[in-house]
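Asker: The structure follows.
There are 2 protein chains.
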Amino acid sequence: MKPLPEFSISCPLPISDGERILLAHGGGGKMMQQLIATVFRPALDGGNLEVQHDGAVLPLESSRLAFTTDSYVVHPLFFPGGNIGTLAIYGTVNDLAMCGAVPLYLSAGFILEEGTEMDVLRRVVESMRQAADACSVQLVTGDTKVVDKGKGDGIFITTAGIGVVKHSLKIHPKSIRAGDKILLNGDLGRHGIAIMAQREGLAFEGAIESDAAPLSEPVQKLLNAGIRIHCLRDLTRGGLASALNEIVSVSGLDIHVREKTIPVCEPVKGACEILGLDPLYVANEGRFITIVPAEDADRALSVLRTHPLGREASLIGEVKPASTGWVTMTNAIGTNRILDLLSGEQLPRIC
Amino acid sequence: MKPLPEFSISCPLPISDGERILLAHGGGGKMMQQLIATVFRPALDGGNLEVQHDGAVLPLESSRLAFTTDSYVVHPLFFPGGNIGTLAIYGTVNDLAMCGAVPLYLSAGFILEEGTEMDVLRRVVESMRQAADACSVQLVTGDTKVVDKGKGDGIFITTAGIGVVKHSLKIHPKSIRAGDKILLNGDLGRHGIAIMAQREGLAFEGAIESDAAPLSEPVQKLLNAGIRIHCLRDLTRGGLASALNEIVSVSGLDIHVREKTIPVCEPVKGACEILGLDPLYVANEGRFITIVPAEDADRALSVLRTHPLGREASLIGEVKPASTGWVTMTNAIGTNRILDLLSGEQLPRIC
Chain X
1 MKPLPEFSIS CPLPISDGER ILLAHGGGGK MMQQLIATVF RPALDGGNLE
51 VQHDGAVLPL ESSRLAFTTD SYVVHPLFFP GGNIGTLAIY GTVNDLAMCG
101 AVPLYLSAGF ILEEGTEMDV LRRVVESMRQ AADACSVQLV TGDTKVVDKG
151 KGDGIFITTA GIGVVKHSLK IHPKSIRAGD KILLNGDLGR HGIAIMAQRE
201 GLAFEGAIES DAAPLSEPVQ KLLNAGIRIH CLRDLTRGGL ASALNEIVSV
251 SGLDIHVREK TIPVCEPVKG ACEILGLDPL YVANEGRFIT IVPAEDADRA
301 LSVLRTHPLG REASLIGEVK PASTGWVTMT NAIGTNRILD LLSGEQLPRI
351 C
Chain Y
352 MKPLPEFSIS CPLPISDGER ILLAHGGGGK MMQQLIATVF RPALDGGNLE
402 VQHDGAVLPL ESSRLAFTTD SYVVHPLFFP GGNIGTLAIY GTVNDLAMCG
452 AVPLYLSAGF ILEEGTEMDV LRRVVESMRQ AADACSVQLV TGDTKVVDKG
502 KGDGIFITTA GIGVVKHSLK IHPKSIRAGD KILLNGDLGR HGIAIMAQRE
552 GLAFEGAIES DAAPLSEPVQ KLLNAGIRIH CLRDLTRGGL ASALNEIVSV
602 SGLDIHVREK TIPVCEPVKG ACEILGLDPL YVANEGRFIT IVPAEDADRA
652 LSVLRTHPLG REASLIGEVK PASTGWVTMT NAIGTNRILD LLSGEQLPRI
702 C
């Protein structure tokens, strides 16, 4: 894996102090061309791609592609461990990774609020470029709109991604079987708590940084090792508990996990206790589960642990025959509870 | 071309009167699943595509693909001749068409403001499905975020699109040559004026409907007829004048057009006079220019005129050798003027 970028970004281009986004930056005239030339173009790949006015023509050596999109509205825009730009890259790369695809190309659509500081936009776009470099994807096409002050919230970004699917597995909740093992690549809850702490100005013991990271490499390692992956799922909004519930509802099978095998770091545990949150429902941006046949589980775990984003990987549970339609968990003191789907959410605008 | 959908849409699904979007609809829990199941899923293609949790795996029979994205923030959401949903489909289909690509797959990311009426969202999503059907593209993947009331403006949509490129032309402003002819497929200014009239509550003589329409069919007709297209450009933000200026700035060649060959309907002319707007700078969503070698111009015009979206097609000007770097126009009374790029925009949030 290329080293993840630092997010303390200097701003190399000259820009007048306090310059702000104006409605006219979205109007298709000179000011928009200037914005594109000075802020966006440097972040787009200008290599040998045929970048058109409004689209890119791209080579593709595969007859199966993966396609995904996500909108990002995280508040605040910057948080420990990342910002809306890095999320917009990693989040979409991760959705492609969860299809078992190798991510290749990204698009980015910006909705900017009039009055947003140009320097904020610059920092976001620059970290998008660095994040894209870190996971070897190319930002190839984009768009910008500006909305009136009070009709947006600084910066919203929607990225879409294209990847190629080289394996012949059917990675899907419907592919899981009773007896399959469930692996988790690391500790839970850091992204959601980092955002919450930043938003509310809370200081917890021990710095909590978002776990935001690109998951395509660990997934490709599993595929390259011949692991027969049945299902992949990243643990974003709603966290682990919601992901498991979705898999249960699609597959029709039950799932059982053991709390003591699910890593949660002490600062996150402490913060969750204070805030009345359950880390199993808190959003992550660099965590995923892999569901594999029991025979492949040990080897898959070894493969995961060879990657920096899987060092703490653990086997957290298994798929059970269809019975109750529930996700159940044996908790730390040995009793069982049901992990239900929440009605709404614990934390809004987490990504 | 399949008939364009009607936009007076009934709402067949039962929904409680006055139901509104809540923050919890974006939270990854039961309410979000319900929103997806009742509003979005019916609009996504449920055919034989491998739709995953967060992405779609798609077949593709080409080694060259076109990829594009656009965000839509049009205000108001509904206007004569369409709404934000139809724009989000046609606009992205048109960006693919301008690469000479056959549009295949679309993604849609929704940013919803808390408190938006569910029925409004339903009508928008339903018209997206109808618009996608009308241009034979499939909406294959999507995402929804909800932002706090006062941090958005009802509905923002970002679509991305994938198309296949089957021709071997290099359709690009750099491919144009002195002597090339410039063709326009229809009259200018109807989209911008329709939005403006709706927004400001103005009533002009003669109903002005948006020209929003998918342009992939007329472009494919030109390609199938063997027309050696040098450049294509849709005339959205900034209108015809801005598009021509962009082509001049990329190609380094001059462009000259004749005003009397550029169709503008009477109601648009009248509205522009009252509002102090120049129709050459007003946005369109179903108009494009095609730049072709002089030898192909007559045939290209004939081909365009066989399609409903090209019935009024005309030859409006030509590419000139590099000299001033200007777009010039002979106006109705025979004098020449420079068509400069506007600094900002005439009308904000037009798409």
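Sequence order for the protein chains is X and Y. Sequential numbering from 1 applies to the first sequence in our numbering. Sequential numbering from 352 applies to the second sequence in our numbering. For every residue, glycine included, the Cβ atom is placed at its ideal position computed from N, Cα and C.
Could you tell me which chain Y residues have their CB closer than 7 Å to the CB of residue 237/X, listed as they occur along the chain?
Answerer: The contacting residues are 378 and 379.
Asker: Among residues of its own chain, excluding the 5 on either side of residue 647/Y, which ones have a beta-carbon nearer than 7 Å to its beta-carbon?
Answerer: For residue 647/Y, where only same-chain residues beyond five positions count, the Cβ hits under 7 Å are 578 and 579.
Asker: Output needed for residue 546/Y: all residues of its chain with C-beta closer than 6 Å, excluding positions within five of it in sequence on either side, in chain order.
Answerer: Answer for residue 546/Y: 430 and 701, listed in chain order.
Asker: Could you please give the first and the last residue of the uninterrupted alpha helix (DSSP H) stretch that includes residue 272/X?
Answerer: Residue 272/X -> alpha helix (DSSP H) spans 266–275.
Asker: Using 8 Å as the Cβ pair cut-off and three pairs as the minimum, do the region 234–248 of chain X and the region 150–167 of chain X touch?
Answerer: Contact fails: fewer than three Cβ-Cβ distances are below 8 Å.
Asker: Would residue 457/Y pass as a contact of residue 425/Y if the rule is Cβ separation under 8 Å?
Answerer: For residue 457/Y and residue 425/Y, no; Cβs fall outside 8 Å.
Asker: Under 8 Å between the Cβ atoms of residue 60/X and residue 665/Y?
Answerer: No, they are not a contact pair.
Asker: Over what stretch of residues does the alpha helix (DSSP H) that includes residue 678/Y continue unbroken?
Answerer: Not the alpha helix (DSSP H): residue 678/Y falls in the beta strand (DSSP E), residues 678–681.
Asker: Do residue 303/X and residue 207/X come within 8 Å of each other at the CB atom, strictly closer than that value?
Answerer: Cβ distance not < 8 Å, so residue 207/X and residue 303/X don't count as in contact.
Asker: Between the region 504–517 of chain Y and the region 603–619 of chain Y, do three or more beta carbon pairs fall short of 8 Å?
Answerer: With a cut-off of 8 Å, the region 603–619 of chain Y and the region 504–517 of chain Y do not count as touching, because too few Cβ pairs lie within range.
Asker: Pull out every residue of the region 452–472 of chain Y whose Cβ sits closer than 8 Å to any Cβ of chain X, in chain order.
Answerer: Correct list: 452, 456, 458, 459, 460, 461 and 462.
Asker: Count the other CB atoms, across all protein chains shown, that sit within 10 Å of the CB of residue 289/X; report buried if there are 16 or more and exposed otherwise.
Answerer: Residue 289/X should be labelled buried.
Asker: Would you verify that the beta carbon of residue 59/X is, or is not, closer than 8 Å to some beta carbon of chain Y?
Answerer: With 8 Å as the cut-off, residue 59/X counts as an interface residue toward chain Y.
Asker: Using the beta-carbon count (16 or more within 10 Å), is residue 683/Y buried or exposed?
Answerer: With fewer than 16 other Cβ atoms within 10 Å, it is exposed.
Asker: Would residue 241/X and residue 202/X qualify as a contact pair, given that the criterion is a beta-carbon distance under 8 Å?
Answerer: No, Cβ-Cβ distance for residue 241/X and residue 202/X is not below 8 Å.
Asker: Give every residue of the same chain whose Cβ lies closer than 8 Å to the Cβ of residue 549/Y, excluding the five residues on either side of it in the sequence, and list them in chain order.
Answerer: So the list reads 427, 429, 430 and 431, once near-sequence residues are dropped.
Asker: My output table needs one value for residue 341/X: the three-state DSSP class, helix, strand or coil.
Answerer: In this structure, residue 341/X counts as coil in the three-state DSSP scheme.
Asker: Could you tell me whether any Cβ in chain X is nearer than 8 Å to the Cβ of residue 482/Y?
Answerer: Taking Cβ atoms only, chain X never reaches closer than 8 Å to residue 482/Y, which makes this a no.
Asker: With distances taken Cα to Cα, identify the nearest neighbour of residue 177/X among 305/X, 35/X and 294/X.
Answerer: Ranking the options by Cα distance to residue 177/X, first place goes to 294/X.
Asker: Buried or exposed: which applies to residue 445/Y, given that a residue is buried once 16 or more other Cβ atoms fall within 10 Å of its Cβ?
Answerer: Under this definition residue 445/Y is a buried residue.
Asker: CB-CB under 7 Å to residue 322/X, same chain, minus the five flanking residues each way: which ones, in chain order?
Answerer: Closer than 7 Å at the Cβ level, and outside the excluded window around residue 322/X, lie 252, 253 and 254.
Asker: From the beta carbon of residue 196/X, is the nearest beta carbon of chain Y less than 8 Å away?
Answerer: Output row for residue 196/X: interface = no.
Asker: Would residue 422/Y be called buried (16 or more neighbouring beta carbons within 10 Å of its own) or exposed?
Answerer: Buried, since its Cβ has 16 or more Cβ neighbours within 10 Å.
Asker: Alpha carbons only, please: which of 522/Y, 662/Y and 699/Y is nearest the one belonging to residue 637/Y?
Answerer: Here the closest residue by C-alpha is 662/Y.
Asker: Using a Cβ cut-off of 8 Å (strictly closer), state whether residue 414/Y contacts chain X.
Answerer: Yes, residue 414/Y counts as interfacial toward chain X.
Asker: Which of the residues in the region 251–279 of chain X, read from start to end, lie with their CB under 8 Å from any CB of chain Y?
Answerer: The residues in question: there are none.
Asker: For residue 162/X, which residues in chain Y fall below 8 Å Cβ to Cβ?
Answerer: Per Cβ cutoff of 8 Å: 416, 418 and 513.
Asker: Considering only the alpha carbon of each residue, which of 113/X, 112/X, 69/X and 282/X lies closest to residue 98/X?
Answerer: Taking only the C-alpha atoms, the option nearest residue 98/X is 69/X.
Asker: Contact check, residue 263/X vs residue 163/X under 8 Å by CB: the rounded distance?
Answerer: Contact doesn't hold; Cβ gap of about 28 Å is too wide.
Asker: Grouping DSSP H, G and I as helix and E and B as strand, with all else coil, what is residue 526/Y?
Answerer: Residue 526/Y: helix per DSSP, three-state reduction.
Asker: Can you find a CB in chain X that lies within less than 8 Å of the CB of residue 493/Y?
Answerer: It does; some Cβ of chain X falls within 8 Å.
Asker: Excluding the 5 residues flanking residue 563/Y on each side, which residues of the same chain have their C-beta closer than 7 Å to its C-beta?
Answerer: Within the same chain, residue 563/Y has close Cβ partners 432, 433, 437, 438, 441, 542, 636 and 637.
Asker: To the nearest angstrom, how far is it from the Cα of residue 340/X to the Cα of residue 623/Y?
Answerer: When rounded, the distance between both Cα atoms is 59 Å.
Asker: Looking at the structure shown, is residue 213/X part of a helix, part of a strand, or coil, going by DSSP?
Answerer: Three-state result, residue 213/X: coil.
Asker: Could you spell out the range, first to last residue, of the alpha helix (DSSP H) harbouring residue 655/Y?
Answerer: Counting along the chain, the alpha helix (DSSP H) containing residue 655/Y begins and ends at 645–656.
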